[in-house]
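Chemist: Okay, handing you the structure first.
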Amino acid sequence: MATVSLKKLTKRYGPLEIVHGIDLEVADREFIALVGPSGCGKSTTLRMIAGLEEISGGAVEIGGKVVNDLPPRSRNISMVFQSYALYPHMTVRENMGFSLKIAGRSQDEIAKRVDEAAAILDLNHLLERRPSQLSGGQRQRVAMGRAIVRDPDVFLFDEPLSNLDAKLRTQMRTEIKKLHAKVKSTVVYVTHDQVEAMTLSDRIVIMRDGYIEQVGTPDEVFKRPATRFVAGFIGSPPMNLREAIVTDGKLAFPNGTKLPLPRQFRDRVAAGDKVVFGLRPDDAYPTGHGLHSGEETDVHALELPVTVTEPLGNETLVFADFDGADLVARMLNPRPLKSGDKVNMSFDLSQAHLFSAETGRTLRA
Amino acid sequence: MSKATSSPVRSVAAHAVLITYTVIALFPVFLIVINSFKSRNSIFRSPLSLPGPETFDPIGYTTVLKQGDFFLYFQNSLIVTVVSLFLVLLFGAMAAFALSEYRFKGNTMMGLYLALGIMIPIRLGTVAILQLMVASGLVNTLTALILVYTAQGLPLAVFILAEFMKQVSDDLKNAGRIDGLSEYRIFFRLVLPLVRPAMATVAVFTMIPIWNDLWFPLILAPSEATKTVTLGAQIFIGQYVTNWNAVLAALSLAILPVLVLYVIFSRQLIRGITSGAVK
Numbered sequence: 001m002a003t004v005s006l007k008k009l010t011k012r013y014g015p016l017e018i019v020h021g022i023d024l025e026v027a028d029r030e031f032i033a034l035v036g037p038s039g040c041g042k043s044t045t046l047r048m049i050a051g052l053e054e055i056s057g058g059a060v061e062i063g064g065k066v067v068n069d070l071p072p073r074s075r076n077i078s079m080v081f082q083s084y085a086l087y088p089h090m091t092v093r094e095n096m097g098f099s100l101k102i103a104g105r106s107q108d109e110i111a112k113r114v115d116e117a118a119a120i121l122d123l124n125h126l127l128e129r130r131p132s133q134l135s136g137g138q139r140q141r142v143a144m145g146r147a148i149v150r151d152p153d154v155f156l157f158d159e160p161l162s163n164l165d166a167k168l169r170t171q172m173r174t175e176i177k178k179l180h181a182k183v184k185s186t187v188v189y190v191t192h193d194q195v196e197a198m199t200l201s202d203r204i205v206i207m208r209d210g211y212i213e214q215v216g217t218p219d220e221v222f223k224r225p226a227t228r229f230v231a232g233f234i235g236s237p238p239m240n241l242r243e244a245i246v247t248d249g250k251l252a253f254p255n256g257t258k259l260p261l262p263r264q265f266r267d268r269v270a271a272g273d274k275v276v277f278g279l280r281p282d283d284a285y286p287t288g289h290g291l292h293s294g295e296e297t298d299v300h301a302l303e304l305p306v307t308v309t310e311p312l313g314n315e316t317l318v319f320a321d322f323d324g325a326d327l328v329a330r331m332l333n334p335r336p337l338k339s340g341d342k343v344n345m346s347f348d349l350s351q352a353h354l355f356s357a358e359t360g361r362t363l364r365a
Numbered sequence: 001m002s003k004a005t006s007s008p009v010r011s012v013a014a015h016a017v018l019i020t021y022t023v024i025a026l027f028p029v030f031l032i033v034i035n036s037f038k039s040r041n042s043i044f045r046s047p048l049s050l051p052g053p054e055t056f057d058p059i060g061y062t063t064v065l066k067q068g069d070f071f072l073y074f075q076n077s078l079i080v081t082v083v084s085l086f087l088v089l090l091f092g093a094m095a096a097f098a099l100s101e102y103r104f105k106g107n108t109m110m111g112l113y114l115a116l117g118i119m120i121p122i123r124l125g126t127v128a129i130l131q132l133m134v135a136s137g138l139v140n141t142l143t144a145l146i147l148v149y150t151a152q153g154l155p156l157a158v159f160i161l162a163e164f165m166k167q168v169s170d171d172l173k174n175a176g177r178i179d180g181l182s183e184y185r186i187f188f189r190l191v192l193p194l195v196r197p198a199m200a201t202v203a204v205f206t207m208i209p210i211w212n213d214l215w216f217p218l219i220l221a222p223s224e225a226t227k228t229v230t231l232g233a234q235i236f237i238g239q240y241v242t243n244w245n246a247v248l249a250a251l252s253l254a255i256l257p258v259l260v261l262y263v264i265f266s267r268q269l270i271r272g273i274t275s276g277a278v279k
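So the sequence lines, in the order shown, correspond to chains W and Z. Under full-length UniProt numbering, think of the first position of the first sequence as 1, with each following residue one higher. Under full-length UniProt numbering, think of the first position of the second sequence as 1, with each following residue one higher.
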C-alpha cells in the first residue's frame, strides 16, 4: 500500500505542452478519480504514473520514492485498460497468472493466488476459457483479476467501463466499489464520466486542458464547485449557467429578466460586475414540486413558459424558457405539463452559485 | 456468410470460376507428375495421357535416385530454404517491431529504406554479390546462398510484418510492460503469437522463390557439394539431348518438400484467420 504524489508533473510533446505542472497528493488506500473531457490530460497523467509515458518535467512519487526513471514493472502498480488488453492467446488462468510467472513465482503459489482472485471476482468457472469466449463484463472482471493477483501498491484504471453497455456499467461500478472495499489499496481511476467519478471515489480531481480545476470529495465538488467549468461538468443534468450583470441588488440577464442577488453573494460583488449565475436543476422547480420544498430560505418565483418536458417516471425534467434560452428544472411528484403551459417556477437562490465571468472562478467566500 | 452468397446459383458460379482457375494453375504440375511416370516415347507420343500399363515406366525416378548425389541436393535445398526462412522471419519481425513500436527520428525513412528492396531486384547486384563472396571466401558454400536469400526476403517481410504489428493494440503491449515483461519478451511472447498469420504469409512468399531459384545456386554455389535440387535437375538438360524422364522425375520430387512446408504454414494461416474472425 502506498501514497502517490505528483510534483509539478509536466508532459510535453515537442513544443506542445499537454500537462502543465500539476500537483496532487493521493493518500494511502484512497480512491481518487481523475475526471475531465477528452483531451484534458487525465489519461496522459495516469500513463505517466504507470511509467508508460515519459515524464517531461516534475516528479511522480509512489510510496515516497521518486519513480520517474523506473520502468513500469518496477513500480509495483497494476493497470486496467479500457480495451481490457487481455492476452488473446492465453486462457483466463494464464492471463491472470502471467505476471507472477514472469516474476518467477512457483506454480503452487500462482495457482493459489489466481484462485483467490478468481473467487473475489466470481471467475472460478471461467478460468479455462479464452478471452474471445467471454462477454464484455467477464473480460473486464478478468482484467481486474489480473490486476489484483499482483497485489500491487497502486491500482490504475484507465476508463475501464467505457466499453460496456449502460446496464453492465452500473453493475461493474458497484463491483469496483466492492473490490476496493475488499482489497483496500490506493486507486487512481481515470474516467470521463462524472457519475462514475462521483459514485466511486473518495476524492475527485477535475482536469481541463492539462490543469487541475478542483480537487475535492464528491460532495464538495458538487456543492461548492470552484470554477464555472466544474459547475457545468459535475451533475446530471448539468447546472444551468447564465451570464448576468450585477445591478443594485439584482442580477440582470441580457434579455431583461431580473433575479434578486442571492444573499450569500451580496458582499462579494459590486454593481457592474459581470458574473455567471449558476443554479442546479434540483434548485429550480415548479412551485410545490421541489426537492427542498418547505425548507428554502431564499426563494424567488417566476412565471415561465414550458418548452419541452422529459418525463422519467418519478420525476420530470422541465425545460422552460428563461430569458430567451432553456433552463432545466427538476419536478418531483410530476404533474402533466404541455409545452406552452405557463408554470410558476421557484428558484432556490440559497443554493445558487456565482462565478466571475472573467476568470470563471467562484465568487463564494 | 451473407444470405446472398449462399444462394445456389451464385455458389455454383463462384465454384465454377474457382475450379477453372485451379485447373489452369495445376495443369502444368499435373502434366509434370503424370509424364514423370511414363516412358520416353510415350511422353512425346501422347503427353496428355495418363500412364497406363504399357506406357508406365519409372526409369526417370531410378535415374534420378541412381545419381547418388540427389539426396545431397535435397538436403542442400532444405538447409538453405529453412535457414533463410528462419533468418528472414526473425530479423524481419524484429525490424518490423522496432519500426511499428518505437518512435524515433527517421522512423519513416528507415521503413522506406528497408522496403526499397521490394522494388529493386536483387539480381541486379549479382556481379557485386559475386565479388563480395569471392573476396570473403564464401563461394561454393551454403552460407553464401543463405545470406543472399535472407537479404532478398527481408524487404517484403519487414513491410508486411510492420503493417500487421501496427495493428496489435498498444494497450496489450502496455499491459505486458506492467506485468513485468521486457521488450524482448513482449516481442516474443505477445506480438509474435498475435501476428502468426502474417508470419505464415511471409513464410510462404519467401520460401517458394528460394526453393525454386536457379540463378544464385548456379553463380554462387555450383560445386557438387553445394548444389540445390533445382540446379541438380539441370544436369539432365543438355544442349542437344535432354533426359526428360529424369528432369520430370526430379521436378516431381522437388515439389514434395515444399508442399509439406506449405501445408504446415497454410494451416497456421487459416487458423490465424479463423481465430481472428470469432474474436
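C-beta: ideal position from N, C-alpha, C; glycine also. Only a predicted model underlies this, so the values are computations on that prediction, with no experimental measurement involved.
#1: Have a look at residue 65 (chain W) and residue 4 (chain W) and give me their C-alpha separation to the nearest angstrom.
#2: Determine, for residue 73 (chain W), whether the minimum Cβ-Cβ distance to residues of chain Z falls below 7 Å.
#3: Any Cβ of chain Z within less than 7 Å of the Cβ of residue 192 (chain W)?
#4: Is any beta-carbon of chain Z found at less than 7 Å from that of residue 98 (chain W)?
#5: Could you tell me which of W:262, W:341 and W:187 sits nearest to residue 49 (chain W), measuring between CA atoms?
#6: For residue 328 (chain W), which residues in the same chain have their Cβ closer than 7 Å to its Cβ, ignoring the five residues on either side in sequence?
#7: Determine, using beta carbons only, whether residue 157 (chain W) comes closer than 7 Å to chain Z.
#8: Report buried or exposed for residue 211 (chain Z), applying the criterion of at least 16 other Cβ atoms within 10 angstroms of its Cβ.
#9: Kindly say whether residue 79 (chain W), judged by its beta-carbon, lies nearer than 7 Å to any beta-carbon of chain Z.
#10: Could you work out which residues of chain Z lie near residue 52 (chain W), taking near to mean beta carbons separated by less than 7 Å?
#11: What runs of the alpha helix (DSSP H), each 4 residues or longer, lie entirely inside the stretch 208 to 265 of chain Z?
#12: I want to verify the contact list: residues of chain W whose CB lies under 9 Å from the CB of residue 194 (chain Z), in sequence order.
#13: Taking Cβ positions, are residue 173 (chain W) and residue 199 (chain W) nearer each other than 7 Å?
#14: Rounded to whole angstroms, how far is the Cβ of residue 286 (chain W) from the Cβ of residue 343 (chain W), which I believe are closer than 8 Å?
#15: How far does the beta strand (DSSP E) with residue 259 (chain W) in it reach, from first residue to last?
#16: Hey, how far is the Cα of residue 152 (chain W) from the Cα of residue 77 (chain W)?
#17: Determine, using beta carbons only, whether residue 121 (chain W) and residue 141 (chain W) come nearer to each other than 7 Å.
#18: Along the stretch 64 to 75 of chain Z, where does the CB come closer than 7 Å to a CB of chain W? Name the residues.
#19: Does the pairing of the stretch 236 to 250 of chain Z with the stretch 55 to 72 of chain Z give three or more beta-carbon distances under 8 Å?
#20: Please report the residue range of the alpha helix (DSSP H) in which residue 218 (chain W) lies.
#21: Which of helix, strand or coil does DSSP assign to residue 364 (chain W)?
#22: How many Å lie between residue 21 (chain Z) and residue 44 (chain W) at the Cα?
#23: Going straight from the alpha carbon of residue 277 (chain Z) to that of residue 168 (chain Z), what length do you get?
#24: Here's a check: name, in chain order, each residue in its chain whose Cβ is nearer than 7 Å to the Cβ of residue 307 (chain W), leaving out the five neighbours to either side.
#25: How many angstroms separate the CA atom of residue 360 (chain W) from the CA atom of residue 37 (chain W)?
#26: Can you give me the C-alpha to C-alpha distance between residue 202 (chain W) and residue 31 (chain W), rounded to a whole angstrom?
#27: Can you name the start and end residues of the alpha helix (DSSP H) that residue 247 (chain W) belongs to?
#28: Of the residues Z:207, Z:238 and Z:220, which one's Cα is nearest the Cα of residue 255 (chain Z)?
#29: Report the three-state DSSP secondary structure of residue 213 (chain W) (helix, strand or coil).
#30: Among Z:221, Z:69, Z:65 and Z:30, which one has its Cα closest to the Cα of residue 51 (chain Z)?
#31: Please confirm whether residue 169 (chain Z) has its beta-carbon closer than 7 Å to some beta-carbon of chain W.
#32: Would you kindly report the start and end of the unbroken beta strand (DSSP E) that includes residue 331 (chain W)?
#33: Looking at the C-beta of residue 106 (chain Z), does it have a partner C-beta in chain C at a distance below 7 Å?
#34: To the nearest angstrom, how far is the alpha carbon of residue 70 (chain W) from that of residue 41 (chain W)?
#35: Could you tell me whether any Cβ in chain Z is nearer than 7 Å to the Cβ of residue 103 (chain W)?
#36: Measuring alpha carbon to alpha carbon, tell me which of Z:198, Z:259 and Z:227 ends up nearest residue 70 (chain Z).
Modeler: Looking at the coordinates:
#1: 9 Å
#2: Cβ-Cβ to chain Z under 7 Å: yes for residue 73 (chain W).
#3: no
#4: yes
#5: W:187
#6: 237, 240, 281, 317 and 319
#7: No, residue 157 (chain W) lies away from the interface with chain Z (no Cβ there is under 7 Å from its Cβ).
#8: buried
#9: Yes, contact with chain Z.
#10: 174 and 177
#11: 215 to 220 and 229 to 233
#12: Residues of chain W with a Cβ closer than 9 Å to the Cβ of residue 194 (chain Z) are, in chain order, 87, 88 and 89.
#13: yes
#14: Contact holds; Cβ gap of about 5 Å.
#15: 258 to 260
#16: 5 Å
#17: Yes, the pair counts as a contact, with Cβ atoms nearer than the cut-off.
#18: Hits within the stretch: zero.
#19: yes
#20: Segment 218 to 223, the alpha helix (DSSP H) holding residue 218 (chain W).
#21: In the displayed model, residue 364 (chain W) falls within coil according to three-state DSSP, outside both helix and strand.
#22: 54 Å
#23: Its pLDDT being 40, under 50, residue 277 (chain Z) is placed unreliably in this model, and the coordinates cannot settle the point.
#24: 319, 320, 321, 326 and 339
#25: 17 Å
#26: 5 Å
#27: That residue, residue 247 (chain W), is in no alpha helix (DSSP H); its beta strand (DSSP E) goes 240 to 247.
#28: Considering only alpha carbons, the answer is Z:207.
#29: Strand, per DSSP.
#30: When only C-alpha atoms are compared, the closest one is Z:30.
#31: For residue 169 (chain Z), a Cβ of chain W is located within less than 7 Å of the residue's own Cβ.
#32: 325 to 332
#33: Absence of chain C from the displayed structure is noted, the protein chains being W and Z.
#34: 21 Å
#35: yes
#36: The shortest C-alpha to C-alpha distance from residue 70 (chain Z) to any of Z:198, Z:259 and Z:227 is the one to Z:227.
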